[in-house]
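Visitor:
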Amino acid sequence: MRFLFKTGYEQDVRLFKHGGQVFWYGVLAVVLLAAPWWAGDYVMTQLHFICIYSIVGFGLMMLVGFTGQISLGHAAFLAVGAYTEALMQAAGIPFVISISCAALFSAVAGLIVGLPALRLKGIYLAIATLAFNVIVEEILARWHSLTGGNEGMTVKPVRMLGYELTNDWQFYYLCLALTVLCGLACVNLLRSPTGRAFVAIRDSEISASCLGVNLAKYKTMSFAISAALTGIAGALYAHKIAFISPEQFTLFQSIELITIVILGGVGFLHGAVLGAAFVIVLPQLISIAKGWLPEGVAPTGLQAVVFGVILILFIIFEPLGLYGRWLKVRTWFELFPFYRRGMFRRQKSYMKSERLR
Amino acid sequence: MLSQILQLLVAGVSQGCVYALVALGFVLIYKATETVNFAQGDVMMLGAFFALTGSVILGWPYWATILFAVGVMAVVGMLTERLVLRPVLGHPAFTVVMITIGIGYVMRGVVTMVPGWGTETHQIPTPYVDDVWKLGGVIIPVQQLMVIAMTAALCAVLYLFFRFTRIGVAMQATSQNQLAAYYMGIPVRRVNMLIWGISAGVAAFAGILLAPATFVHSNMGFIGLKAFPAAVVGGFGSVPGSIVGGLIIGVVEALAGFYLPEGFKDVAAYAVVLVVLLVWPSGIFGETMAKKV
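Going line by line, the protein sequences match chains A and B.
Taking the numbering used here, I'd label the letters of the first sequence as residues 864 to 1220.
Taking the numbering used here, I'd label the letters of the second sequence as residues 25 to 317.
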């Protein structure tokens, strides 16, 4: 059990609260930086995807986990980022500018979606974002001259500072750097008044507005930030996949993205990374499990079944997600032998109704 | 010209009826438990597969198939509520939405794994499959009229049920105020379970009506994503609203498919719902109550 004695204000501002954190994050950093040496091609690819999905996870976590808004349309932001990047790289625009534009255009799309969010709540917001996703997908498929329609378009490797990043490890470092940057940006944002306002909105809109939080401003801002992060991830995604077409950005992609947040743990930035890793690794585990099925049962639906069952079990038994599970394990060890089962029990609110506003 | 519009209208209304029935399932569950069941389309798909089992694999007559599928799905719906939804009672709405998405995944996956169902496209034979009515210059497939008639009949039955039976009135009371209903001695949990059963049964009925138009396959549940706008257009908490919403979406889609360029048909439902939400944030028939702070 560690006790933190705060003796100065700068201790509150520090990113790492104590030496243990510095040590473990240092170990993590070394392991990740050394990845090109210990990881094979296959693991490298998985790491690319984990980085990309982590950035999306950060974006969604800001929106869903910290501002309490629902979005079933994040694949659309991913698409905006990916297509912006693909088109700008095709036009020979430097990577730094093109990825900024990807973030910017996605943010603008986020603003557009955020506007109805001022009036809509809960399920109506979910359907508005869902509709947005379907419409964006259809536009991508129909705007043949720009996007190549359903045939899709190929994406060139990243060109940056005069070099072409063709190797896996070069792209890996790019992804890793951007993931760390986005993560730090989120951490810092959450410590700022803006982040506090987001959390206030999540916990109670009424009390937030009573405390002087401008709901309209902060909700749209949250949508824009979330969309911008997703746009950055979309740009990396486009380079990673090297071929983008509208059917990669369907509603089901959106649902998969949102499961990152749910499985990782709503309301924890770490959860975004854990969830991303889980969502990436799970299909591999499932494809291994396909060999165990009895004869005569087609394995096609196994992935959907396992995915659904895991989602259901997590929500019933571990609503705090993977990170919540880790917190519990850690607390168990820290407090040993005084851990009680009820320590993380959430309060149920039976009377919470969306019909009343 | 006029006859063309009439034909389109009938086709749109008949498609809209299916949307309306699925939307009705959404709304019933939402009114009772404030849960939005994203698996409604997949429940419908599962119902259609049970109908397929009855009519093709077991060779039963059409009416027996309908009873069988609706009955089985009602049981499935009740079991789902008991096993999956009740443990998360009182969780935030979005958590529950995610769990229903999980249910949808499981249903879609299971269907493709069951021997005899699989990923292929199937057909359920109907007694009125290829007949057409000619009224002047208007040619209307009997099947579309049957869909409309059967939807109307089901709505009438449901109306009578909710209006005149004891349990129906108890369900209305529960959907208006759970706590008050509980104090009045209504077994709220059992009522919610029954509501899920009814909703799944209605969805199975919708699946059977839809089967001749789109055939039966494991992805037919995606139509639930069009019924969703229908429920929202009508106002999520309103049963008549869901029917109206479904008809609006169906007709708009049919007209858009014919008069607008290709591609507009698929997004018409979503465009309509965005416009409606901009004008009426809680749907056309939506109820808005203000909370005093």
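Even glycine gets a Cβ: it sits at the ideal position worked out from N, Cα and C.
Just so you know, these numbers come straight off a predicted model, no measurement behind them.
1. Can you tell me which of 238(B), 41(B), 33(B), 199(B) puts its alpha carbon nearest to the alpha carbon of residue 226(B)?
2. Residue 213(B) lies in the beta strand (DSSP E); which residues open and close that run?
3. So what does residue 90(B) bridge to, in DSSP terms?
4. Helix, strand or coil, according to DSSP, for residue 1133(A) in the structure here?
5. State the start and end residues of the unbroken alpha helix (DSSP H) segment that holds residue 1123(A).
6. Please report the distance separating the alpha-carbon of residue 1015(A) from that of residue 939(A).
7. Can you tell me whether DSSP reads residue 1092(A) as helix, strand or coil?
8. In the DSSP assignment, what residue or residues form a beta bridge with residue 1068(A)?
9. Is residue 65(B) near residue 184(B), with beta carbons less than 8 Å apart?
10. Tell me the residue span of the alpha helix (DSSP H) that contains residue 268(B).
11. Would residue 213(B) count as contacting chain A if we go by Cβ distances under 8 Å?
12. Of all the options 233(B), 138(B), 118(B), which has the alpha carbon lying nearest to the alpha carbon of residue 37(B)?
13. So is residue 1164(A) in contact with chain B if we call contact Cβ pairs under 8 Å?
14. Let me check understanding here. Comparing Cα to Cα, which of 148(B), 29(B), 143(B), 131(B) lies closest to residue 78(B)?
15. Whose CA, out of 1194(A), 907(A), 877(A), 1019(A), lies closest to the CA of residue 1032(A)?
16. Residues of chain C with CB under 7 Å from residue 1170(A), in chain order?
17. Does chain B have any CB closer than 8 Å to the CB of residue 985(A)?
18. Note down, in chain order, all residues in the region 131-152 of chain B with a beta-carbon under 9 Å from any beta-carbon belonging to chain A.
19. Name, please, each residue of chain A whose Cβ falls closer than 9 Å to the Cβ of residue 119(B).
20. Going by other Cβ atoms of all chains shown within 10 Å of its Cβ, with 16 needed for buried, is residue 263(B) buried or exposed?
21. Grab the span of the beta strand (DSSP E) containing residue 253(B) for me, first residue to last.
22. Residues of chain A with a CB under 9 Å from the CB of residue 79(B): which are they?
23. Does the beta carbon of residue 1068(A) come closer than 8 Å to any beta carbon on chain B?
24. Find out if the Cβ-Cβ distance for the pair residue 1083(A), residue 993(A) is shorter than 8 Å.
25. Are the Cβ atoms of residue 273(B) and residue 54(B) separated by less than 8 Å?
26. How should residue 286(B) be labelled, buried or exposed, when 16 other C-beta atoms within 10 angstroms of its C-beta is the threshold for buried?
27. Whose C-beta lies closer than 7 Å to the C-beta of residue 212(B) among residues of the same chain, with five residues either side of it excluded?
28. Would you report the Cα separation of residue 806(A) and residue 909(A), rounded to the nearest angstrom?
29. Between residue 240(B) and chain A, is any beta-carbon pair separated by less than 8 Å?
30. Quick check on residue 1190(A) - is its C-beta less than 8 Å from some C-beta in chain B?
31. Along chain A, which residues have their Cβ under 7 Å away from the Cβ of residue 223(B)?
32. Candidates 1086(A), 961(A), 917(A): which alpha carbon is nearest residue 989(A)'s?
33. According to the Cβ coordinates, are residue 215(B) and residue 194(B) closer than 8 Å?
34. Grab the span of the alpha helix (DSSP H) containing residue 948(A) for me, first residue to last.
35. What's the call for residue 109(B), buried or exposed, on a 16-neighbour Cβ count within 10 Å?
36. Compare the Cα-Cα distances from residue 80(B) to each of 279(B), 239(B), 290(B) and report the closest residue.
Guide: Let me lay it out:
1. For the purposes of this step, residue 226(B) is taken as the residue at position 202 of the second sequence. Per the C-alpha coordinates, the member of 238(B), 41(B), 33(B), 199(B) positioned closest to residue 226(B) is 41(B).
2. Looking up residue 213(B) in the second sequence gives position 189. Residue 213(B) -> not in any beta strand (DSSP E); alpha helix (DSSP H) instead, spanning 212-238.
3. Position 66 of the second sequence, counted from the first residue, corresponds to residue 90(B). According to DSSP, residue 90(B) bridges with nothing at all.
4. For the purposes of this step, residue 1133(A) is taken as the residue at position 270 of the first sequence. Three-state result, residue 1133(A): helix.
5. Here residue 1123(A) corresponds to residue number 260 of the first sequence, with the count starting at 1. In the DSSP annotation of this structure, the continuous segment of the alpha helix (DSSP H) that includes residue 1123(A) starts and ends at 1114-1127.
6. As a first step, residue 1015(A) must be located in the first sequence, where it is residue number 152. As a first step, residue 939(A) must be located in the first sequence, where it is residue number 76. CA-to-CA, the gap between residue 1015(A) and residue 939(A) works out to about 15 Å.
7. Within the first sequence, the letter at position 229 stands for residue 1092(A). Here residue 1092(A) sits in helix by DSSP.
8. Here residue 1068(A) refers to the residue found at position 205 of the first sequence. Note: residue 1068(A) sits in no beta bridge, so no partner.
9. As a first step, residue 65(B) is located in the second sequence; it is residue number 41 there, counting from the start. As a first step, residue 184(B) is located in the second sequence; it is residue number 160 there, counting from the start. Their beta carbons are not under 8 Å apart, which means residue 65(B) does not touch residue 184(B) by this criterion.
10. The count along the second sequence starts at 1 and reaches residue 268(B) at position 244. Run containing residue 268(B): 263-283, per the alpha helix (DSSP H) assignment.
11. Taking the first residue of the second sequence as position 1, residue 213(B) is located at position 189. Any Cβ of chain A closer than 8 Å to the Cβ of residue 213(B) would place that residue at the interface, and such an atom is absent.
12. As a position in the second sequence, residue 37(B) is number 13, starting the count at 1. Ranking 233(B), 138(B), 118(B) by CA distance to the CA of residue 37(B) puts 233(B) first.
13. For the purposes of this step, residue 1164(A) is taken as residue 301 along the first sequence, with counting starting at 1. Yes, residue 1164(A) lies at the interface with chain B (some Cβ there is under 8 Å from its Cβ).
14. Position 54 of the second sequence, counting from 1, holds the residue named residue 78(B). Checking every option, the nearest Cα to that of residue 78(B) belongs to 148(B).
15. One-based indexing of the first sequence puts residue 1032(A) at position 169. Here the closest residue by C-alpha is 907(A).
16. The chain inventory of the structure shown lacks chain C, comprising the protein chains A and B.
17. The residue you call residue 985(A) lines up with position 122 of the first sequence. Residue 985(A) counts as touching chain B.
18. Within the region 131-152 of chain B, the qualifying residues are 131, 132, 133, 134, 135, 136, 137, 138, 139, 142, 143.
19. The residue given as residue 119(B) occupies position 95 in the second sequence. Close partners of residue 119(B) in chain A (Cβ separation under 9 Å): 1125, 1129, 1178, 1182.
20. By 1-based counting over the second sequence, the position of residue 263(B) is 239. Taking all protein chains shown into account, residue 263(B) has 16 or more neighbouring C-beta atoms within 10 Å of its C-beta and is therefore buried.
21. Against the second sequence, residue 253(B) aligns to sequence position 229. For residue 253(B), there is no enclosing beta strand (DSSP E); the enclosing alpha helix (DSSP H) has its first and last residue at 248-258.
22. Here the question's residue 79(B) lines up with position 55 in the second sequence. Here the premise fails: no neighbours, minimum Cβ distance about 22 Å.
23. The residue you call residue 1068(A) lines up with position 205 of the first sequence. No, no contact with chain B.
24. Working through the first sequence from its first residue, we reach residue 1083(A) at position 220. Working through the first sequence from its first residue, we reach residue 993(A) at position 130. For residue 1083(A) and residue 993(A), no; Cβs fall outside 8 Å.
25. Stepping through the second sequence from its first residue, residue 273(B) is reached at position 249. Stepping through the second sequence from its first residue, residue 54(B) is reached at position 30. Residue 273(B) places its beta carbon 8 Å or farther from that of residue 54(B).
26. Here residue 286(B) refers to the residue found at position 262 of the second sequence. The residue in question, residue 286(B), is exposed, as its Cβ has fewer than 16 Cβ neighbours within 10 Å.
27. Within the second sequence, residue 212(B) is the residue found at index 188, counting from 1. Same-chain partners within the cutoff: 198, 202, 205, 206.
28. The first residue shown for chain A is 864 and the last is 1220, placing residue 806(A) beyond what the model contains.
29. In the second sequence, residue 240(B) corresponds to position 216, counting from 1. For residue 240(B), the answer is no, since every Cβ of chain A falls outside 8 Å of its Cβ.
30. Against the first sequence, residue 1190(A) aligns to sequence position 327. At a cut-off of 8 Å between C-beta atoms, residue 1190(A) does not count as an interface residue with respect to chain B.
31. To locate residue 223(B), count along the second sequence from 1; it is residue 199. By Cβ distance, chain A contributes nothing, its closest Cβ being about 16 Å from residue 223(B), past 7 Å.
32. Against the first sequence, residue 989(A) aligns to sequence position 126. Of 1086(A), 961(A), 917(A), the residue nearest in Cα terms is 1086(A).
33. Translated into the one-based positions of the second sequence, residue 215(B) becomes position 191. Translated into the one-based positions of the second sequence, residue 194(B) becomes position 170. Yes, the pair counts as a contact, with Cβ atoms nearer than the cut-off.
34. Reading the first sequence from its first residue, position 85 is the one you call residue 948(A). Its alpha helix (DSSP H) spans residues 937-953.
35. As a first step, residue 109(B) is located in the second sequence; it is residue number 85 there, counting from the start. The Cβ neighbour count for residue 109(B), taken over all protein chains shown within 10 Å, is at least 16; the residue is labelled buried.
36. Along the second sequence, one-based indexing puts residue 80(B) at 56. Answer by Cα proximity: 239(B).
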